[in-house]
Structures are given as structure tokens and as C-alpha cells.
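Presented below is the structure to which this report refers.
There are 8 protein chains.
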Amino acid sequence: MNSLELRDLLTRVKTGHLDPDAAHDLLQSRLRTLPFEDLGFARVDHHRALRQGFPEVVLGLGKTPAQIAAIAERIASRGQTLLVTRANRDAWAAVSVAVPGASYHEAASAITLKQGEIPDGTGTVLVVAAGTSDLGVAEEAAVTADVMGNAVDRLIDVGVAGLHRLLREQERLTRARVIVVVAGMEGALPSVVAGLVNVPVIGVPTSVGYGASFGGIAALLGMLNSCANGVSVVNIDNGFGAGCIASLINHLPST
Amino acid sequence: MNSLELRDLLTRVKTGHLDPDAAHDLLQSRLRTLPFEDLGFARVDHHRALRQGFPEVVLGLGKTPAQIAAIAERIASRGQTLLVTRANRDAWAAVSVAVPGASYHEAASAITLKQGEIPDGTGTVLVVAAGTSDLGVAEEAAVTADVMGNAVDRLIDVGVAGLHRLLREQERLTRARVIVVVAGMEGALPSVVAGLVNVPVIGVPTSVGYGASFGGIAALLGMLNSCANGVSVVNIDNGFGAGCIASLINHLPST
Amino acid sequence: MNSLELRDLLTRVKTGHLDPDAAHDLLQSRLRTLPFEDLGFARVDHHRALRQGFPEVVLGLGKTPAQIAAIAERIASRGQTLLVTRANRDAWAAVSVAVPGASYHEAASAITLKQGEIPDGTGTVLVVAAGTSDLGVAEEAAVTADVMGNAVDRLIDVGVAGLHRLLREQERLTRARVIVVVAGMEGALPSVVAGLVNVPVIGVPTSVGYGASFGGIAALLGMLNSCANGVSVVNIDNGFGAGCIASLINHLPST
Amino acid sequence: MNSLELRDLLTRVKTGHLDPDAAHDLLQSRLRTLPFEDLGFARVDHHRALRQGFPEVVLGLGKTPAQIAAIAERIASRGQTLLVTRANRDAWAAVSVAVPGASYHEAASAITLKQGEIPDGTGTVLVVAAGTSDLGVAEEAAVTADVMGNAVDRLIDVGVAGLHRLLREQERLTRARVIVVVAGMEGALPSVVAGLVNVPVIGVPTSVGYGASFGGIAALLGMLNSCANGVSVVNIDNGFGAGCIASLINHLPST
Amino acid sequence: MNSLELRDLLTRVKTGHLDPDAAHDLLQSRLRTLPFEDLGFARVDHHRALRQGFPEVVLGLGKTPAQIAAIAERIASRGQTLLVTRANRDAWAAVSVAVPGASYHEAASAITLKQGEIPDGTGTVLVVAAGTSDLGVAEEAAVTADVMGNAVDRLIDVGVAGLHRLLREQERLTRARVIVVVAGMEGALPSVVAGLVNVPVIGVPTSVGYGASFGGIAALLGMLNSCANGVSVVNIDNGFGAGCIASLINHLPST
Amino acid sequence: MNSLELRDLLTRVKTGHLDPDAAHDLLQSRLRTLPFEDLGFARVDHHRALRQGFPEVVLGLGKTPAQIAAIAERIASRGQTLLVTRANRDAWAAVSVAVPGASYHEAASAITLKQGEIPDGTGTVLVVAAGTSDLGVAEEAAVTADVMGNAVDRLIDVGVAGLHRLLREQERLTRARVIVVVAGMEGALPSVVAGLVNVPVIGVPTSVGYGASFGGIAALLGMLNSCANGVSVVNIDNGFGAGCIASLINHLPST
Amino acid sequence: MNSLELRDLLTRVKTGHLDPDAAHDLLQSRLRTLPFEDLGFARVDHHRALRQGFPEVVLGLGKTPAQIAAIAERIASRGQTLLVTRANRDAWAAVSVAVPGASYHEAASAITLKQGEIPDGTGTVLVVAAGTSDLGVAEEAAVTADVMGNAVDRLIDVGVAGLHRLLREQERLTRARVIVVVAGMEGALPSVVAGLVNVPVIGVPTSVGYGASFGGIAALLGMLNSCANGVSVVNIDNGFGAGCIASLINHLPST
Amino acid sequence: MNSLELRDLLTRVKTGHLDPDAAHDLLQSRLRTLPFEDLGFARVDHHRALRQGFPEVVLGLGKTPAQIAAIAERIASRGQTLLVTRANRDAWAAVSVAVPGASYHEAASAITLKQGEIPDGTGTVLVVAAGTSDLGVAEEAAVTADVMGNAVDRLIDVGVAGLHRLLREQERLTRARVIVVVAGMEGALPSVVAGLVNVPVIGVPTSVGYGASFGGIAALLGMLNSCANGVSVVNIDNGFGAGCIASLINHLPST
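Chains as they are written, first to last, in the numbering used here: chain A, 736 to 990; chain B, 736 to 990; chain C, 736 to 990; chain D, 736 to 990; chain E, 736 to 990; chain F, 736 to 990; chain G, 736 to 990; chain H, 736 to 990.
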């Protein structure tokens, strides 16, 4: 039960469409369970949707397919939206059985199942990727923002060595309310993008590159030292984190 | 001339309060100059207020007092709001002569002069600092957010080793629209704060600490690896950057 | 022959239950051998139980299954308790043949065989893990503490981003005499736990994470820079070391 | 009011030596104040002695002499024991005025004032230093352990390159209940000491050395990778932390 | 005697303007001395101009003013062009006495004395600097290229966060035969410049910045990982090296 | 259409060999298409040959064989020269089908197809490799320089530990117009080579080595700190980049 | 032909046992060939035995089995002693065919063929290894020293955490003329050994360990910062290098 | 009393020049004292000359002038040779009073006093320095070798970028029995030297350089990865260590 559903229930009580006793029982049944469910190897946080606007997200990395499927099943069975990140094909095989209606986004290595009402964000989240090799991380950001209720636009292969490809898309940049910029190698794209717009830019360094890119450190340092205002940074390859922050910003209330 | 002043002028034209010819001359005189002014050692960007919502900010680090004062004078003489960061006492001595009405914020090492109309942000920017030693960086963030037109709240010395000091302030955390969390040493505070709220958290690692804190690297890594959703990070000691992003988010239009 | 067995023997002599000559012969046969046994590729230290309270422990890493099995056999054949860490399935296959009664703890990658009398520790060793992915290291600590004669309690998936999961367990934290805290990513959990208790906390950073976690360096630095008193740290993924230190503390004599 | 004083008060109530009403008023006056006191730039935690067995300790690093003196005065005026670490001569000048009876330990860069009853630890804390240059850090550990109520023994200049100096002191090593080992350069001493005893060893790497010692990193890594059981590690130069953990261990209750 | 002077002499012999015997004596007197001169603490390489097209350059760093002056005097007294880099005011004080006609370039921390004929380079060396704080390193590159016989153009404060400042100068970029790009912080400028031109770009990372710029490492890594073709890199702050390579390229013979 | 073909067309118009209308139509058909072609996952830059003298080069790393083949096919179908670097056997299998006439250079892991007129460089590009293990990177540099229109010479296994092997080849060193020096381990060869010649030297550190070579960092640092003038550096293992810069230098116009 | 064989030949000439003409022809045939032989991918240095006392050694790492076999065959066919290091089973398969009499040392991953007369070293080279996991590197050192003509003694599993195992072998330590000490983890053994003897100690850090051992960096730093006199260090896992230096020292002439 | 003096005494007993009783008393008086003397802050090792061939050496770094003077006085007063390294002018001021006959070597920052008989080494120790800035470290090595009883030769400013300066000195290289090579920046000189000789080479990286030299790390890595046989390495700037090892090698007995 997320915040929107809760408000809806209370409004129906206030307007007389829902009997207080019925509402009480309904709330009871939903809240009766512990705020988290202990699976032994994990504590699934079922009230997070209420507290933080979106159900608990499952990070697939470092968990066995069986563990992922068990957690995913607990979340989905409550009618909550499911998002599993860093899910490889083995994890998907296990989850597809445990959670029948779920979908697999191969490029993003993510599993999703939309359930319940997710409130719409105010504007558009734009995901920009410097090169073809950054696609996987960019897709993780885009799928995350999408499943969290945001309109998503994508702009791929617009690296700084060929500025005309980016400058030609100035209009799409200007239209966005928040921009996720994904780049490996020297990680210079967020600085250039932030110099062209007036909205928050979230940089995602990727581990794309070789030699002195050091698995994304060069890109990470480049973004942390950005000479442009408005750039904040998340962990290397953390498309999910960037999509999530973009969604948080895009869902801030109007007043 | 910032965006608000420009809109005002155009509205006055539309409503007949300003003659188109007069408006033309007025705009001419303001835009006649180059979009930037070349001082030889610097190119002052006078149209940035129009493009990015706030005039160019002067980073004092690595510039001589004379250079800082010259740039500050060019900005202030256009009637634009002035912000100089990383300004030591020598820089302030030079600027206080060149820009008569300016103020010095010692804890923040910042110089400000508010001029023109700065649009108000929607909500409150909360600046949280883990310890007393993080005060300087926290103040840089707070002064930046303030001069950019935001209501600012401060919460100091609420490190994770004494959680009761933070938990007692849950209400102020909840009231904020965007939170800047400043912490050195292990840099764990942003994770804890982000787990308690539903708004964007911007982590600022500080160089506070010794030994294996490596001048802020430990705190930086801690924040980049945050297990909480909603945390993005800026450079070590970059209070200005965090305040600036907080302001960008707080100034996003309602629709 | 460990310290407890030696004291028991001497007491039996003193109380007349054991003839001095018999005691002499018994001691002779046990001490006759060299303090270590040279296998060519290893020197098995058979008197360590006497000197340090627990027999030599075998680190499986970097040894062949045959080498591990040979060393394990020498230890077990003396009637000493056996602990092999970092034992993969191949090592287990070899040891299970060489040491018939031994057990394999898959999650902990450890092989054990309890033999002889191990003195009981004073209180409880609590092993806390931040997330599901930290389970393996946490189990290594728990199995180590258990085989060394300690009561062990476990608390899993109580990371700092959802503090309510940890705060709810305050009572179990308070009951412990020494606490091992296992965490990857930003490694902030030991700081938070140490702020809630009054006993030694041993932090174990894990290599869980990706990108700027650098194989556990971020967590290690986070723990070394802990702002809480009472936190000491062992090597990344070194669950054994933490369990061993916890046991040492828990076995300190009353006076 | 520390735990010992509280128990004393309750016992006196139980035995009729203290009137419940008087006890109530006394407790009131002590607890009336907030659990912490907000000085604006710091939140002094006055109940920490109750929660953690020792009053809040002031880390001098990164605070101005005036800030240190103000915090020290608040702690001392409650009758609590005062410990300021990393206090240079300027800090001492300010504190000596604000807290009349305090003492300055120059080698340790620490300020102390013993007040109230500090419970005695069970055994002896031994502080071992590899070389003359490690003295400052060793003294910080020793002063900390002393002020926290422990018998302290010191062993200086017994580095691993001249083993006879250490082996000659085997008896003092064996007598200790917990050992703090301070070493710079290659940081090998904790491994050697831990191989000779059967009690917890806390390693403190120091920034002593040059070139590839990297300000203590070499010693830190040496200790983290110790091949001996029973060694845990604190931050580089963190004598206070080591003394504090040693005290925690030495104060664990008998049962 | 550089290559140009040697060719001139030989041509004069061939055309009968110089008698072979006179030429012989002249060459004798110049080549009679050892190819280097041993000052005890230095071996001054007097034939370098012949071998490498420019006399030995003195790196002031790590040498005493007296050592610098002695070496400079030996070079200047042979009629060779003098270039001392990393020369502080003390070094200049010593050299100005030892080498009367020399000049000091304060911004570049360089001392020069042009002597003999330096061959002209083919085109223009353009030195581009990202910000005001990069001026010192840029000047070192410019002074080096100038004293080595190149036409030099400068473009200052054209960082990537305000692309319009750079794009407006496209013509000057296109006119250059080789471009030195000096940048600190994220070091992204060389990538952007190289994408706009068709000539070699030499990147010079500077130590300008703070926090995670790590004294220029961020900029260095950014440039090494440049996604643009045609960028090679020199050491952090090595303006001299870049100016020297630019000159080498600009002096390559036409055929 | 590269620069040479464009000049040829314009000359033919000027000399009357081509009718302006025909020229117009021809140019139309070539320029009608967008300057880049959007494949969804990549934006192929078809005008790069015009802007930068050589068509877009495909970096195989991080792209699927299918993606590589699709991009290669678009480039080849325009009659442009094709170069794919870091192409493994799977990539070659895909490209060999999509681009019938292409060749695979196994040692260099590169795919090429020469098409159109590539202008000849002025002199010879010499590729020097320190050891047998550096061959792959050296071949990438050599193949790149060759396909870009340069005469290429190779010198293999002339490391600094056996100087006579290098000194014996002084003549070939002197003949080169630009030298690419490939070396792993300590990376000292570029310094030695640059001391023997008077032309630009481009150092390519390789990841060859073990232990403290840290995947090429030792060689990279060695080259960046070269005490010889004239050495610039590219990323570890970046043979392509070095070959490309060498070609840029070798193609600079005579005036 | 090594130095010993050359001296022998000359002596035989002097003493009349060899006719000068015959000697001339013999020398001719041996020296006729180039000092190195160019295989295209390698330059085999056939005169190294004469210059440096031992023929060229083949580092197997980074070479294909075919390349290794070809080089090995060239060396062996000249009657020179062969040593191939870092030779895996595939390399051995190829070399065993190309060089019939060669032997494979599996633990050392080395191939050897003793040929010609190798002069004997003066004393014994002692190879000490801290643990069982360091055996491979220790064997590389021992095999190298052996094939180069030295008496070799081995001491395995004598790590610093159990000093009695080392102290018991004091006599073997004292007997050695040069000692190679191989250790991973904290790398403390060379310091302890050097404190017990009066001969050169060569430390070889190994990549044995996990977590903060960083592939041998911890051990390397430990050895570089040794507080004992007489310890020099080679690259991580470089058993060959250590054996080679030990042999050089052991072969220094008596006067 | 060093080894030579002891042998002399025993010989005199054997030959009847010294009465056994007198010898006994003499030995008594020398050995009566503890093997070390405890100054509280230091344990001076008076028997080291006997055990290791040279008295204890005082590392001035990290000790106060008073501590240095006190230790120096204890050593000198026993008639032992004194060597203090890293002694600044303040230390010298204190020692010159405490030890009247001592000398200060300014370039080496060392204090010496030769006393007793130091046995002569077999051959010459050659100290080679790459540049003028490496002089200080080279002098520390040379003074150390000299005071330990070795003939010392010096070769300064022979860096690899101008090979002719080194090659011209081949004869002095060949004459040496052991060579210390001191170099900063890329640290390539030891590789080149070791390729030219047949004796042990000890590399000393120096902190000379800037930017990516990282205080000597580049040079250190360069030397550790040397492709030449026979190079071992000591800590950055550790001239003393190198001189000491060279002396150990040079003093190895003939048989």
C-alpha cells in the first residue's frame, strides 16, 4: 500500500464512500504484518513504499537466483511493484517462475513487474549516454525511472569528441526536468551537458574503457571534478541509483 | 539581467506599460556587450544569469586577490549578485575595496553581495553536518543556497555514533525539500539520513579526519557506496557545489 | 592437549586420582614429538593449543586439496579440534576422506571437527551482517567462534539505510559480550552498532559491492575511520580473524 | 553521572540511606537537562558516561582552541572526567584557563582531568612501541587507558629487527590482559607479539617512516594482513582508539 | 653552435665565402671542448643544440640557486640560448647576476636569454588554457615554444562548462599547426578541442583543483582516456614538455 | 568524401572539367544525408573524413559483434576506409560477412578495408617495441598508421637492458619522421630513444608485466616522468591512438 | 661460450695445449654470428653469457608456446644452458619437443637444461619461505640459483607468527652466504631474518593473501619499509630475479 | 667491540701476548653491561657491532635533537663508530656538543665519527646518480659506505636521456664490485647500468620530480619492474639502506 492508495482510502472515508469500520479492517490486514518479513537470509521491507514512495528494490548482485526469486515473490505477492537490478539470465529464469507476470529487460539486466498505482512524475527524465558501450548502464537508469512512474527520453552516442551530435539535440536537453548522463573513459559529458541546461544533472561513470580508465575511476574523478555547476555523481555503473534520484526529484510535490 | 527581469520587461511591453522602442533600447544596452568580457586572464560570463538562473560564481582557489577583485568588480558593476567561494582574508581585503557593499562570511570563506531579484525556491534546503569540524564546508553550502534564493535550515553535530541526536530531529528532516549532508571520517551520515526521508540527499565528503581518511577519500567512497537510495555525491569539501544543486532542485518550476 | 586437559591431568595427580608415573608417561607420549611436525611443504604446530588456547587453524587459500588434507589429517590424528577455512568443494572432498568425522559448512566454506574439551567462553558472541550478500563472511566468523567454544547469536540484513530493522533488535545487541559486525559497500554499520552498546565491536569489511567499493576498500576505510569508540578492524572478508578475536576476548579469565 | 554513581544511589535508596524523594530530586536535577547540550557548533553528549561507561571525549583535531575550551568546560563543569586528544599548545592554553585543574600530557598531546569514580579494569593494559619515533602515539594510548581506569604498563623500542629486546620481555607480555602494539614502517611487531601471547592484540599503525611508508599505509596494510591470530587494527596514529578498546575489553564484567 | 649555424658555415665554405682552413679552425675551437662539461654536481651538455636542435634546458626544481646560476652561466657563455624552468625568485636573483642579459617571466617562473640563430617553425603553436588558475602552466608552455623559435598564440579561460566561449574561437583553433591544451579539474578540454581540429593536440593536466582532483591525477586520467583521436599527454604541470614537443612538431622539415 | 576528393572536384569545376550543375548534384547526393546516421545504439559520423582527414574508426571493445558489423557495414558502404580495433575472432566473423573485402590482422586484433584515396604522409612512421610481449600493441599502432596512409617501419625487442641491440639501429631511428615507442614493465625505452633523435616520440605503455607493474601503471608513470624532451604519452595499450597521432603529425602540410 | 670456457681456451693456447690457429678458427665459428639473432618477434642475445656470466633467460609470460620453443631451441642449439621461467604446461609441451633433454620443474613453473660449464658460487644460497602458499615463488628462486651454479638450501613455513620455528634454524641461517626470503601477507619475515644474520637478504613479496594484501602490495611495502639493515627487494612474485641476484653476489670473485 | 677486535683479542691470548685472566676481565667489563641500554625512549643496542659487523645506526627522522644527541653520546662513549642519518642542522647542533669529534656531512644530512677498527671491504662501491637533484640521497649512500669501511667512487648526472655521458664511463662501471644507482623521475638508470655490468646493482628511487612522479613512486615502480637482471631495490630516498647493503656484499668473506 503506497501513499497514493492510503490517501485514496482516507478520502473515501471522509466522503462517505468507505465505512470507517471497513477501512479499519482493511488497514489492519495490510499493516498487521511486521514492517519487514524475515526470510532468514533477508529482511524484506514491506512498508518502504509508504515511507519512501517506492517498494524495496532487489539488488541481484551477490545473491543466488533462489534468494532473488524468494524475495521477489514476497514483494510481488503483496501487490507491490517489483524491480530487480543486476539480474543475469539465471536470476531471470528463477524469477520468471516465481513471479509469473514479470518482464526481463536484457540490455538493462533488470526484471520488472508494475503493480498498484505509481504516482506520475512532473516532467521528463532524460537519459544521455556518451557511447554505444554505455548502453547497459543507461538502460538500467531508464528502466528504473520508467518503473518508478516517470516519462523517460533517451539520447545515445553523443560523446564530447563530436560535439555537433550533442549540440543538434539542444531542444531535447532543454525539455528535460532532470538529466542522467552516463559516460565512461574520461567522463567529460556531464560537464558539457550541465553547461547547456538549467536543471540538475546526475553523472553516472561507467567501467567502460581500458588501461588508465581503471574500471571507471577516471570517469568518476572526471565527474567529481566537473567545472560545471549542477553535477552530482553516483557510483560507477550505478544506473539504478541515478534513475532513482532522478525520480525522487521529478516527484517532489509542487508546493 | 536575469530571467525574471527579462520576463518582467516583456510583460510590461505586452501590457502597454513599456514602449517597445524603450524596451528595445533597454535590451540593446544590456545585451550590446559581448556575452562574456575578456579580462586577459579570465572571461567573465555576463549572460550566465539568463542562461542558468544565477550569475557566474567566482572560485577563489588558485587566483590572486587582484584577479578575484577584478572579476568581482566586473560582475557587481552589472548589478548582478556576487558570490566568491574559497576566499581567504587577503582576497576579502581586495574585494572589500573593489566592491563596497559586499559581506564576508568567515566560517564559509565566502564573499557575497545580493543584487537584483533572485527568484525564491519552493521549499527549504536543510544542511546537515556530522561534526563540529565539518562546519566550514557546511557553511559554504548554506551561504551558497541562501544567496541563490533559498530558505536554509542547519543541523550540526549529529554524527552516526550517537544516533539519538539525529533521530530527535526527524521532524526537521521531514520538512526539508532537499538535504545537503556534510560528513568526514567514514562518511556514513548521508546513508542514514536518506533512509529516514523521501527527498534527494546530496552528500559532501569533507577532508576532516586523519590517517586512513586520506584527505576525504574514505568519506567520498563511503557516500558513493551508500546502500540507501537517493544519495548523490559531489567533490570533497565542495559545499558550494552541493548548495548549488540543492538550489537548482528547489527552483524547478511547479509544472 | 590443550590447557584445560593439562590442568585436569595435574589436578587428578594432586587429588590422587592419577599416579605420578602414569601422568609422566602420558605427558611424555604427548610431548615427545617435536613442537611442530615438518611435512616438507608445511610445519604443523602441534603445541599451539597449549600456547594459544586453540590448535593450529588451516587457511585453505593457496593450498592444494592434497596439502590441506595432509595437514588436516595430522591435526585430527592428535585428537585436536580441526578448523579449515576458505575450503572449497574440492578441498572438502579430499578432507572428508582423510578425516572421516569432519563436517562441511557450505555457507562459511569451512570444515570442522570438534575433538577434546574446548573451554566455554564467558558470554555470547553476536555476529551482525549488513546484508544478504555478507552472509558467507558472517558465517565464517560464526563457525569460527562456535568451534572455539563460544555461544553464538546471529543478526542478518540490518543495514544502516533502514535503521528500524536494527533498532528493533537493541536487546540482542545489549546482551552480547562482544560483537562482530560484517558489512560491505560503505561499511557504516559498525559505527552505528558501537554507538548503541558498551562492548568491543570488531568490524569485518567485505568485498561485497561494485564500482567504487574497490573490492572492500571503501568498507575497510569506513570502518578504520569510524567516529564511534570501540571499533577495531580486521582484513577484508576475514571472518575467521574476527571470530578468533571475539573468542579470545570472550575467554579472558575472570580475574 | 556514570553507571557506578547511579547504582550507588539506587543502592542507598534500597538500603534506606537515601530518601526516595531526595533521590528523585537529585536524579531530576541531573537528568533535567537534555541528553545533549547544543553549543551551536557542537552537541555535547552529557549522558554518554551512563550509556557507554565513559564521558564524551573531545577530539581536538579540526576544532579551534576556543571551541575545544568551551566543550571541555561544559564537560568538566558536570563533574565528569575530561579527555581531550590531539590538543596542541594553543588548545592547552585555552583549556588551562577554562578548566583550572586539568593537566597537559605533552608527549601524548592530551589534556586530562580525572573527576568522579571511574571503575577499575580487571587486569593490565600493556602498550608496546616499536621505536622511539612511535612514542607520541603510544603515549596517547597509555594516557587514554589510564584516564579510563586501567593499570598501564609500557614497553618501548622493541622493533622486530632486534628480536632479543622483545624476547627478553616475554614475562611482561604474558602478564598483560590486553596489548596495544604501536608500530610504523613495516608494522610487523603486532604479528610477532600476537604469536607470543594468548590475549587480544590491538595494532596501531603510525605515520612514522618515509618514502614507501606512505604516511602509515605500509604499516596499516602489514597489520591488516597479519598472519597471526588475535590482531585487530585501528586507524593510523589512533592511539586514543586503541586505548579505548583496550579499556572496554579490560572492563568487561566477570560473568 | 646549432644545426643552422653549422649548415651556414658549410655553405659558406662551398660557395667560397669561407676558407676551408678558417672553417677548420673555427670548428676546432667550438668542438675542441668535451661534448659535456663536468661541474661536479652536473654535466652540462654543450653539444645538445647540434644533436637535438636546442641547447640543454635547466630544470630549476631540486637545484639550489647557486647550482642553477652556475649551469646557466656555462650555457650562456657559449653563446647558446638559455631556458631555465621552475625558477623561483631566489633562482632569478642568482641568475640575473651570473647571466646579465637574461629576462624573468614571472607568470611562467622561467628565465630566458635568446642567443644565436634559432630556426623558425613552420606554423603557429596555440596554447589553450581552461581557466585562470591554469595560467602559470600555460605560460611555461608558451614561453618555451617562443624561445624555441615558434609563433605562439594564446586562448585563456575557455573551459568546457561554457562551450560558447570556445566555439566562438573556432577560427583561431583551425589556424594552429599544433595545439597545447592546459586544463585541471576534470581535464576534458583536450577531448573537445581535438574533436574540432585536424592537428596534433598535446594535453597538459594541471594540479589545479581540490579534493578528488588529487593534485592533477583526475585531469591526467581524463586526458589519457580521451575519446577523441589525436590527443597525447605529458606529465602534470609539465608546460615545458608540451611546449618542447609542439616545437619539435612545428620544426619538422618540409620533406 | 574526404578532403582530397573534395578539392579534386572543385578543381575540376574551376578548370572546366566538371559542370557546376553536375558538381552541385554530386555534392548534394553526398551531403544530403545527415552528417551522422543514427543506428539507435550508435551515431555513425559520415563526415568525419571531411572534418578530420580520416573516417570514423570503430573501437570494438564493449560492443557486440552484431553492433560492430552493423557500424562497419554503414562505413564501408559509403566507400570509406574501414578500421576496426580491438576486434576479436567473433567480431571478425561477423564483419567478414557484412563487409566482404575486409582483412583481419590477427596480431593487431584489427580489421581493415582500404577504400577511396588516402593522402600519403610526408615521411616514415617508426614503431619500436621493447619486447616480444609488446608485439600486439605495436602491431595495432603499425596497422593504424599504415591504413591512414603512412610508410611504416618496425623495430622489435630492443629493450634498455641490452642497449647494443638499440644502438646498432641508430640509422633507422634517425630516418624516421615520428616514432612510436611501445614498452611495458618499467617503460624506460621512450626516454632512451628520445635522447637519440630529434623528432617527436609517442610513448605507449603496455600492460605487459606482473606484480608491481600494475597492469601497465609502472610503464605509464615511467613515460610521463621521462627525463628526455620530446616524449608524449597515450593510454596503456593504446596502439591505435599512437598510430593515429603519428599519422596526424606525418600529414601536417608542408607550409 | 661463457667466460670460463673462454679463459680455458686462452690458457690452453698459452700453455701450448691449443694451437693458435685452431683457437682462431674455434673462436671465429663461435663469434661469427651476430651478437644477437633476429627471429622477427625476438632478438636472442647469444653473447650474454660472455658479457653477464649467464646466457639469456626466457620469461615465458606473454609469449606463445611456439615463440618460447623457438627461442629455447636457438639457445640450446648453441650449447648454452637454458632457463625458461613462468612456463605453463602448454609451454613445456612445446619446449619438450624442441629441446629434447630439458626438464620441467612443476612447482617452479620453470624449464631447465644444464649445458656447458657453469662456474661454482662461493657459498650457499638459502631460500626461506614464510608459508606453504609461497612455495611456487620460492622454488623459482631455488631452481634459478641452482641452474646458475649455486649450492641451494631451503627453509619452508617459518612465518613470524610462530617464531620458534625460525629461531630453531638459526644455524642454517648463519651458514648461508646470501639469503632469499619469500613472504606474502604482511611480508615481515625478511626484517626478522635480517636481524639475525650478517649477510645480504633479498626479499621477494608474493601475491599470496586476500583483501587488503592487494595482490602482494602489502608484502612489498612491508619489505621496502623494513626496519632491519641489509634488506633489498625485488618485484612481487619475482623468484627468478631474487635467485639471479643471489647468484651474482655468490659469484663475486674473491679479490 | 666489533668482530675484528674480538678476534684480535683471542689471537693475542692464543699467541701468549695476552694473559687469559686479563682477557677475561677485559671481556667481562665490555660484556658486563646489558646487550642493550634502556634510555626510556630508546634501547641502544651495544652488541650490534659484534652480531652484525657495524654498531647501531641512528635514524634521525622523527626523533628530537635531544634524543638523537643522547643516543649518539651512548654509542660514541663506548668507542664505537657513530653514524646518524637524516640529521638536520638542529640535530647536528645538539650532537656536536654531545660528541666532540664528530663531523657533519651537509649534502648527506649525516653525522659521523669513525672509531675503532672497521674491516676493509674487498672492492669498490660505486654510487651513480642520474641528476644533480639526486645528489643528497647519493651522498647518504656514499657516506654510509665510506664509514662502514669501503672504497667509494661517485658518478653524477648520467641520466638515460643522454646516454653518451654514461657510456663514456664504462670503465669505471666495470671496475666496481657493487653499484648503487640513485634516480628519480622515471627511474630507468638501474636497468641500463645493470645491462652493462656483471655485478649486483642496488636501485634507490628518489622523491625528485613532480606531478605523476608521486614523490618517488614512479621511480620505485620503474626499478621494481626492471627488465634487467641483477637489480634489487630499497625504499624511496633510502641512501643509507643501499650503502649498507653494498657494504654487506663488499665485506662477504673470500671463502
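Built from N, CA and C at the ideal position, the CB exists for glycine as well.
Treat the numbers as computed from the prediction; the structure is a model and nothing was measured.
Practice problem: Classify glutamine 905 of chain E as buried or exposed, calling it buried when 16 or more other Cβ atoms lie within 10 Å of its own Cβ. | Solution: exposed
Quiz item: By a C-beta neighbour count over all protein chains shown, 10 Å radius and 16 as the cutoff for buried, is alanine 828 of chain B buried or exposed?
Solution: exposed
Quiz item: Using a Cβ cut-off of 9 Å, which residues of the stretch 850-862 of chain H contact any Cβ in chain G, in chain order?
Solution: Going along the stretch 850-862 of chain H in chain order, one finds Thr857, Gly858 with a Cβ nearer than 9 Å to chain G.
Quiz item: Buried or exposed: which applies to alanine 804 of chain H, given that a residue is buried once 16 or more other Cβ atoms fall within 10 Å of its Cβ?
Solution: buried
Quiz prompt | Residues near asparagine 970 of chain F by beta carbon distance below 7 Å, same chain, minus five either side | solution = Excluding sequence positions up to five before and after asparagine 970 of chain F, its CB lies within less than 7 Å of the CB of Gly976, all in the same chain and listed in chain order.
Quiz prompt | Burial state of alanine 911 of chain F, where buried means 16 or more other Cβ atoms lie within 10 Å | solution = buried
Quiz item: In chain E, what lies closer than 8 Å to isoleucine 980 of chain H by C-beta?
Solution: None at all; the shortest Cβ gap to chain E is about 25 Å.
Quiz item: Counting Cβ pairs, one atom from each stretch, are 3 or more of them under 8 Å apart for the stretch 871-881 of chain H and the stretch 807-815 of chain H?
Solution: no
Practice problem: Answer with yes or no whether the minimum CB distance from serine 961 of chain H to chain D is below 8 Å. | Solution: no
Quiz item: Residues bridged to serine 967 of chain C by DSSP?
Solution: DSSP, once it has assigned bridges, lists C/Ile937 as partnering serine 967 of chain C.
Quiz item: Given that lysine 798 of chain C touches chain G, what residues does it touch there, using C-beta distances under 7 Å?
Solution: Going along chain G in sequence order, the residues near lysine 798 of chain C (Cβ under 7 Å) are Thr867, Ser868.
Practice problem: Can you check the stretch 853-932 of chain D for any alpha helix (DSSP H) of at least 4 residues that lies completely inside it and give the ranges in chain order? | Solution: 870-882, 898-902, 905-910, 924-929
Self-check item: For alanine 886 of chain B and valine 860 of chain B, believed in contact at Cβ under 8 Å, the rounded distance
Solution: 7 Å
Quiz item: For glycine 775 of chain F, does the count of other Cβ atoms within 10 angstroms reach 16, so buried, or fall short, so exposed?
Solution: exposed
Quiz item: What is the DSSP secondary structure of leucine 983 of chain G, counted as helix, strand or coil?
Solution: helix
Self-check item: Whole-angstrom distance between asparagine 823 of chain C and lysine 849 of chain A, CA atom to CA atom
Solution: 40 Å
Exercise. Specify the secondary structure class of serine 844 of chain H as computed by DSSP and reduced to three states.
Key: coil
Self-check item: C-beta contact flag for valine 882 of chain A and threonine 909 of chain A at 8 Å
Solution: no
Self-check item: Whether leucine 901 of chain A touches valine 927 of chain A by CB criterion (8 Å)
Solution: yes
Practice problem: Could you confirm whether any beta carbon from chain G is found closer than 8 Å to the beta carbon of aspartate 892 of chain F? | Solution: Judged by the 8 Å Cβ criterion, aspartate 892 of chain F is in contact with chain G.
Quiz item: Using a beta-carbon distance below 8 Å, is alanine 947 of chain G in contact with chain H?
Solution: no
Quiz item: Candidates G/Leu987, G/Asn933, G/Ser831: which alpha carbon is nearest valine 966 of chain G's?
Solution: G/Asn933
Self-check item: Reduced DSSP category for valine 792 of chain D - H, G, I as helix; E, B as strand; rest coil
Solution: coil
Quiz item: Listed in chain order, which residues of the stretch 924-939 of chain D have Cβ atoms closer than 7 Å to some Cβ of chain C?
Solution: Asn933, Val934, Pro935, Ile937
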